[in-house]
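Protein chains in written order, with the working numbering: chain A, 46 to 234; chain B, 46 to 234; chain C, 46 to 234. Here a beta-carbon is modelled for each residue, glycine too, at the ideal position from N, C-alpha and C. So the structure is just underneath, and the comments pick up after that.
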Amino acid sequence: LGRKVVITGVPGVGKTTVINRALALIEEEGLSYGSVNFGTFMFEVALEEGLVRDRDEMRKLAQADQRRLQKTAAQRIGEIEQNIIIDTHCTVKTPKGYLSGLPEWVLRELQPDIVVLVETDADQILSRRLSDETRTRDMEGYGGILTHQQFNRSMAAAYGMLTGCTVSIVTNPDFLVEKAAAHLAEILR
Amino acid sequence: LGRKVVITGVPGVGKTTVINRALALIEEEGLSYGSVNFGTFMFEVALEEGLVRDRDEMRKLAQADQRRLQKTAAQRIGEIEQNIIIDTHCTVKTPKGYLSGLPEWVLRELQPDIVVLVETDADQILSRRLSDETRTRDMEGYGGILTHQQFNRSMAAAYGMLTGCTVSIVTNPDFLVEKAAAHLAEILR
Amino acid sequence: LGRKVVITGVPGVGKTTVINRALALIEEEGLSYGSVNFGTFMFEVALEEGLVRDRDEMRKLAQADQRRLQKTAAQRIGEIEQNIIIDTHCTVKTPKGYLSGLPEWVLRELQPDIVVLVETDADQILSRRLSDETRTRDMEGYGGILTHQQFNRSMAAAYGMLTGCTVSIVTNPDFLVEKAAAHLAEILR
């Protein structure tokens, strides 16, 4: 089986850019990783099973169905034989609080080798969100972002206890995306 | 089954006031929640089983008995069909360190939907404890309260990983109890 | 069965000194604790099983073998009848991120009663590492040490959720090692 690397980060941290730059770096060396977005993968499983017709219906599924879908998706990703990056959230901020992106039933199937937290200072994330005109996001203040990132670290620790995966923090500060990508590439090597 | 909402907070944070105000708000809208105190509920189970005669004897129980009681109490609360608030501690500070209020064997039975952390700044908690003449508490400094609240967040993250419950932080600062109650009411809705 | 106390701390925090001083204090009172280093214990199990010939080979073992060794070591320590101190790391910093020292399969066998985090300010740890000429360590900055200690707390919370062990923080600041030892002695009593 290949290596399974979960990559997480709060909205606006620049996760996708860091992933793409890191993949470019290691591909130059002949290393390759497949890549799945956990939410998209779950949606595809739901489509196949005839549970939903479009992505909007995903949110309306009963909790039991959602959890079963999460488990099936994790199981299938767990069976992929090549090295793979799983793009997901460590926790999702919902109106009812922080929700684990990789609860026990997902972790037991997925068995990740590494969980990466892409982070940067809360004020930089706030600026990046403010300047991103393509998305309308619920605006969250500095303190909220700070707390979310701290909570993600605590959650990742619990993931590490349950699975024995390592937890790696990749910092992606303004003007230093190449450094962040080099760090992630080193983790992927 | 109804919704199970665990509400926690360090001593002096004003948890009971926030809960009562939030319940008053949602009752105006026709919503209702039952309410149990986990410790009291455990004591009642112990009385029924003839394990203890008074609350003092609870502390003297063997660890195996205490854990079995916790599990039975959690099981019974888990079977309650209405919406319910469970008033307990995220962690309890003991002479041997922080003790989880909802260890694995409790969580597996209880299956909470939401764990709420009622928090405020450590200095405000310290002031509230100092002005509360009805209780004699072991006095703890600013740093101790700060650490306790931070540790509670980490513990709550582990609860979220195991059960998939959301973790919600309700801030209860001086002069803003109505705002805290409104936030909790929103979570309970 | 005796009490099992896991004692952890980042490199340079002075864990061994605090343990030895605390053991001296309680031995004066007639209390006794055995003591094992988890890594050394694992190595001895590996030697017995003919898996390795020297300590260097430990690192080259397949992950499945390492985990089985961890589990066997934890099982044997779990069966020790006297009070015992287990000297290990809460998390180990590796090139792939923080690795749990007591993942689920270890905790389930070991069933610790208490996990102690020996801590002090990151700048003091940095100074102690710089002045320790006997070891060549990968140099880590202030921020890295701060993050490592915070992450250890989060990890310890997850240990507490799974096993019901208490988590105790013993601070070992400059010039106050006797106070740290007295605190640890109180935990061991």
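Q.
Quick check on G209 (chain C) - is its C-beta less than 9 angstroms from some C-beta in chain B?
A. For the purposes of this step, residue 209 (chain C) is identified with residue 164 of the third sequence, where counting begins at 1. So, interface residue.
Q | Buried/exposed call for N65 (chain B), threshold 16 Cβ in 10 Å | A | Along the second sequence, one-based indexing puts residue 65 (chain B) at 20. With fewer than 16 other Cβ atoms within 10 Å, it is exposed.
Q: Give the single residue among A:T139, A:T133 and A:R153 whose Cα lies nearest to the Cα of G146 (chain A).
A: To locate residue 146 (chain A), count along the first sequence from 1; it is residue 101. The shortest C-alpha separation from G146 (chain A) is found at A:T133.
Q) What do you get for A109 (chain A), buried or exposed, if any count of 16 or more other CB atoms within 10 angstroms of its CB means buried? A) Walking along the first sequence from the start, residue 109 (chain A) turns up at place 64. Exposed, since its Cβ has fewer than 16 Cβ neighbours within 10 Å.
(Q) Do G54 (chain A) and V163 (chain A) count as a contact pair if the criterion is CB distance below 9 angstroms? (A) Here residue 163 (chain A) refers to the residue found at position 118 when the first sequence is read from its first residue. Here residue 54 (chain A) refers to the residue found at position 9 when the first sequence is read from its first residue. Yes, these two residues count as a Cβ contact at 9 angstroms.
Q) Quick one: is E185 (chain B) near chain C, going by C-beta distance under 9 angstroms? A) Within the second sequence, residue 185 (chain B) is the residue found at index 140, counting from 1. It does not; no Cβ of chain C falls within 9 angstroms.
Q: Please list the partners that R112 (chain B) has in chain C, where partner means a Cβ-to-Cβ separation under 9 angstroms.
A: Counting from one through the second sequence, the residue named residue 112 (chain B) turns up at place 67. Under the 9 angstroms cutoff, chain C gives G209.
**Q.** Assumed close pair A119 (chain C), V151 (chain C) - CB separation to whole angstroms, cut-off 8 angstroms
**A.** The sequence position of residue 119 (chain C) within the third sequence is 74, counting from 1. The sequence position of residue 151 (chain C) within the third sequence is 106, counting from 1. Indeed they touch by this definition, with Cβ atoms about 4 angstroms apart.
Q: Please report the residue range of the beta strand (DSSP E) in which L162 (chain A) lies.
A: Taking the first sequence and counting its residues from 1, the one referred to as residue 162 (chain A) is at position 117. It spans I159 to E164 - the beta strand (DSSP E) in which L162 (chain A) sits, taken as one unbroken run.
Q: Label Q127 (chain C) either buried or exposed according to how many other C-beta atoms from any shown protein chain fall within 10 Å of its C-beta, with 16 as the threshold for buried.
A: Your numbering for residue 127 (chain C) matches position 82 in the third sequence. The residue in question, Q127 (chain C), is exposed, as its Cβ has fewer than 16 Cβ neighbours within 10 Å.
Q: With 7 angstroms as the limit, tell me which residues of the stretch 141-169 of chain C have their beta carbon closer than that to any beta carbon of chain A; keep them in chain order.
A: K141, G142, Y143, L144, S145, P148 and E149
**Q.** the stretch 66-79 of chain B in contact with the stretch 94-108 of chain B per 3-pair CB rule at 8 angstroms
**A.** no
Q) Mind checking if V212 (chain C) is an interface residue toward chain B, Cβ cutoff 9 angstroms exclusive? A) Counting from 1 along the third sequence, the entry for residue 212 (chain C) is found at position 167. Answer yes: the Cβ-Cβ gap between V212 (chain C) and chain B drops below 9 angstroms somewhere.
(Q) Since C210 (chain A) and P148 (chain A) should fall inside the 8 angstroms C-beta cutoff, what is the C-beta to C-beta distance between them, to a whole number of angstroms? (A) In the first sequence, the residue the question calls residue 210 (chain A) occupies position 165. In the first sequence, the residue the question calls residue 148 (chain A) occupies position 103. Not confirmed; about 14 angstroms, so no contact.
Q: Can you tell me which of C:L114, C:I52, C:G205 and C:V58 puts its alpha carbon nearest to the alpha carbon of R174 (chain C)?
A: Locating residue 174 (chain C) in the third sequence gives position 129, counting from the first residue. Cα-wise, what sits closest to R174 (chain C) is C:V58.
Q) Listing by chain order, which chain B residues have their CB less than 9 angstroms from the CB of T192 (chain A)? A) Here residue 192 (chain A) refers to the residue found at position 147 of the first sequence. What T192 (chain A) touches in chain B: R198 and I214.
Q) Where does K238 (chain B) sit, in a helix, a strand or coil, going by DSSP? A) With chain B covering only 46 through 234, there is no way to say anything about residue 238 (chain B).
Q: Evaluate S199 (chain B) with the Cβ neighbour count: other Cβ atoms within 10 Å of its Cβ, from every protein chain shown; 16 or more gives buried, anything less gives exposed.
A: Counting from 1 along the second sequence, the entry for residue 199 (chain B) is found at position 154. Buried, because 16 or more other Cβ atoms sit within 10 Å of the Cβ of S199 (chain B).
Q. Along chain A, in chain order, which residues have C-beta atoms closer than 8 angstroms to that of Q130 (chain B)?
A. Residue mapping note: residue 130 (chain B) aligns to position 85 of the second sequence, counting from 1. The question names Gln, yet the displayed sequence has Ile at residue 130 (chain B). Residues of chain A passing the Cβ test: none, with the nearest at roughly 14 angstroms.
Q. So, does the CB of G205 (chain B) fall closer than 9 angstroms to a CB anywhere in chain A?
A. Within the second sequence, residue 205 (chain B) is the residue found at index 160, counting from 1. Yes, because at least one Cβ of chain A sits closer than 9 angstroms to the Cβ of G205 (chain B).
Q | CB contact check: E231 (chain A) to chain C, cutoff 9 angstroms | A | For the purposes of this step, residue 231 (chain A) is taken as residue 186 along the first sequence, with counting starting at 1. Yes, contact with chain C.
Q.
Against chain A, does A119 (chain B) count as a neighbour if the rule is that its beta carbon must be under 9 angstroms from one of theirs?
A. In the second sequence, the residue the question calls residue 119 (chain B) occupies position 74. No, A119 (chain B) does not count as interfacial toward chain A.
Q.
Is there a C-beta anywhere in chain A that falls below 9 angstroms from the one on A201 (chain B)?
A. As a first step, residue 201 (chain B) must be located in the second sequence, where it is residue number 156. Yes, its Cβ sits closer than 9 angstroms to a Cβ of chain A.
Q. Can you find a CB in chain A that lies within less than 9 angstroms of the CB of T136 (chain C)?
A. Locating residue 136 (chain C) in the third sequence gives position 91, where the first residue counts as 1. True, the Cβ-Cβ gap to chain A drops below 9 angstroms.
Q) Would DSSP call N197 (chain B) helix, strand or coil? A) As a first step, residue 197 (chain B) must be located in the second sequence, where it is residue number 152. Correct three-state label for N197 (chain B): helix.
Q | Inside the stretch 50-105 of chain C only - beta strand (DSSP E) runs reaching at least 3 residues | A | 79-82
**Q.** Close-in-space but distant-in-sequence residues of the same chain around A202 (chain B) (CB under 8 angstroms, 5 per side omitted)
**A.** Residue mapping note: residue 202 (chain B) aligns to position 157 of the second sequence, counting from 1. Excluding positions up to five away in sequence, the list reads V212.
Q. Which class does D177 (chain B) belong to by DSSP, given the choice of helix, strand or coil?
A. The residue labelled residue 177 (chain B) in the question sits at position 132 within the second sequence. Three-state result, D177 (chain B): coil.
Q. Going by the beta-carbon positions, is the gap between L207 (chain A) and V50 (chain A) smaller than 9 angstroms?
A. Position 162 of the first sequence holds residue 207 (chain A). Position 5 of the first sequence holds residue 50 (chain A). No, they are not a contact pair.
Q: Go to T216 (chain B), then tell me how far its beta strand (DSSP E) extends in each direction, as first and last residue.
A: Within the second sequence, numbered from 1, the residue matching residue 216 (chain B) stands at position 171. First-last of the beta strand (DSSP E) with T216 (chain B): T211 to T216.
Q) Which bits of chain A does T139 (chain C) rub up against, with CB to CB less than 7 angstroms? A) Mapped onto the third sequence, residue 139 (chain C) falls at position 94. Per Cβ cutoff of 7 angstroms: T211.
**Q.** Residue burial classification, E185 (chain B) (beta-carbon count within 10 angstroms, cutoff 16)
**A.** Numbered from 1 along the second sequence, position 140 holds the residue referred to as residue 185 (chain B). E185 (chain B) comes out buried.
Q | From C:A226, C:L155, C:A227 and C:L191, residue whose alpha carbon lies closest to that of L46 (chain C) | A | As a working mapping, residue 46 (chain C) is identified with position 1 in the third sequence. Closest option to L46 (chain C), Cα to Cα, is C:L155.
Q. If we ignore side chains and look at the alpha-carbon of each, how far apart do G123 (chain B) and I130 (chain A) end up?
A. Looking up residue 123 (chain B) in the second sequence gives position 78. Looking up residue 130 (chain A) in the first sequence gives position 85. Taking the straight line joining both Cα atoms gives about 38 angstroms.
Q.
Using CA atoms only, rank isn't needed, just tell me which of B:F196, B:A91 and B:D101 is closest to Q111 (chain B).
A. Taking the first residue of the second sequence as position 1, residue 111 (chain B) is located at position 66. Ranking B:F196, B:A91 and B:D101 by Cα distance to Q111 (chain B) puts B:A91 first.
**Q.** Alpha-carbon to alpha-carbon, R104 (chain A) and T85 (chain A)
**A.** The residue given as residue 85 (chain A) occupies position 40 in the first sequence. The residue given as residue 104 (chain A) occupies position 59 in the first sequence. Roughly 13 angstroms separates the two Cα atoms.
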